[in-house]
Ligand SMILES: O=C(O)CCC(=O)C(=O)O
């Protein structure tokens, strides 16, 4: 008798905490480099930026159009780049876009001034923010940043709309279809549509990526005002579940962390 393949992938919720309950000691011992955590409502959720005035102040924008209208990877094989013009921001904001767009840029002063980022990060016990590495991400509903990992500590502040993160521990790399360095960079995966299918069509997910049955990701749906911490080397896929505006604030591993990087990050 063939053994039935389980049609479910088990996943867990990311720990959610209030900023006032996350002391530096707790962050260090429980989360830093160990597991993701979301700090709920750290920024005011009523915040709404005037997108059109923001557009005038954006420097070095990259507006991407994905060849498959879904998966946005900053690489010519996957996306074309178009100039930011008056209509682009309005186009991104459409609820049912025919063509999805993803704008990535440095954080404009108007946004930086409206938020006291250093203060917010201080509330999360994160002090080593490098301003020049912060990026703004403005996406149409349904845009996906496919599964990958970063070499730095990652924080994402959700400002407008909602995003779903699916996050895997680096120890699960073998279940995650990593590229081999020839057909794609080793920090990227071939796997697609995890957040989209994990609840509604897990059988399709396991059909396409059967090794994932042995993985147990974390899933979190970010709301405006939330701040998510993702440790270095943890795989994550990000789906914009509405029009979305976020800021990423990465910071480097310290020298001790760099000496003990997990094996999958060694290449
Ligand atoms: O928000 C996204 O689409 C991607 C963000 C990301 O990859 C990150 O925070 O490291």
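Numbering (the numbering used here), first residue to last: 273 to 539.
All C-beta atoms, glycine included, are put in the ideal place defined by N, C-alpha and C.
Note that this is a predicted model, so its numbers are computed, not measured.
Report the residue from the options whose alpha carbon sits nearest the alpha carbon of residue i.
{"i": "residue 373", "options": "389, 385, 387, 352", "result": "352"}
{"i": "residue 491", "options": "397, 455, 310", "result": "310"}
{"i": "residue 536", "options": "479, 423, 417", "result": "423"}
{"i": "residue 502", "options": "438, 512, 431", "result": "438"}
{"i": "residue 328", "options": "381, 347, 473, 366", "result": "381"}
In the DSSP assignment, find the alpha helix (DSSP H) that holds residue i and state where it starts and stops.
{"i": "residue 418", "result": "Looking at the DSSP string, residue 418 is not in any alpha helix (DSSP H); the run it does join, the beta strand (DSSP E), is 416-420."}
{"i": "residue 392", "result": "389-395"}
I'd like the span of the beta strand (DSSP E) that includes residue i, first residue to last.
{"i": "residue 386", "result": "Looking at the DSSP string, residue 386 is not in any beta strand (DSSP E); the run it does join, the alpha helix (DSSP H), is 381-386."}
{"i": "residue 288", "result": "287-289"}
{"i": "residue 281", "result": "Neither: residue 281 is in no beta strand (DSSP E) and is coded neither H nor E."}
{"i": "residue 377", "result": "374-378"}
{"i": "residue 508", "result": "507-512"}
If residue i and residue j are in contact, beta carbons under 8 Å, what's the gap, nearest whole angstrom?
{"i": "residue 519", "j": "residue 408", "result": "6 Å"}
{"i": "residue 487", "j": "residue 531", "result": "Not really, about 27 Å apart at Cβ, beyond 8 Å."}
{"i": "residue 392", "j": "residue 315", "result": "6 Å"}
{"i": "residue 509", "j": "residue 417", "result": "7 Å"}
{"i": "residue 402", "j": "residue 332", "result": "About 16 Å separates the two Cβ atoms, so there is no contact after all."}
{"i": "residue 506", "j": "residue 440", "result": "7 Å"}
Quick one: residues in its chain with C-beta nearer than 6 Å to the C-beta of residue i, no 5 flanking neighbours on either side, listed in chain order?
{"i": "residue 425", "result": "504, 523"}
Might you give, ordered along the chain, the residues of its own chain that have their beta carbon closer than 7 Å to the beta carbon of residue i, omitting 5 neighbours on each side?
{"i": "residue 514", "result": "413, 433, 434"}
{"i": "residue 415", "result": "344, 372, 374, 512"}
{"i": "residue 354", "result": "335, 337"}
Excluding the 5 residues flanking residue i on each side, which residues of the same chain have their C-beta closer than 8 Å to its C-beta?
{"i": "residue 477", "result": "281, 465, 466, 469, 470, 484"}
Using 7 Å as the cut-off, classify the Cβ of residue i as near or not near the heavy atoms of ligand 3, replying yes or no.
{"i": "residue 458", "result": "Here the bound small molecules are ligand 1; ligand 3 is not part of this structure."}
Listed in chain order, which residues are found with a beta carbon closer than 5 Å to a heavy atom of ligand 1? One residue list follows from the rule of a beta carbon closer than 5 Å to any heavy atom of ligand 1, given in chain order as 409, 417, 426, 428, 510, 520.
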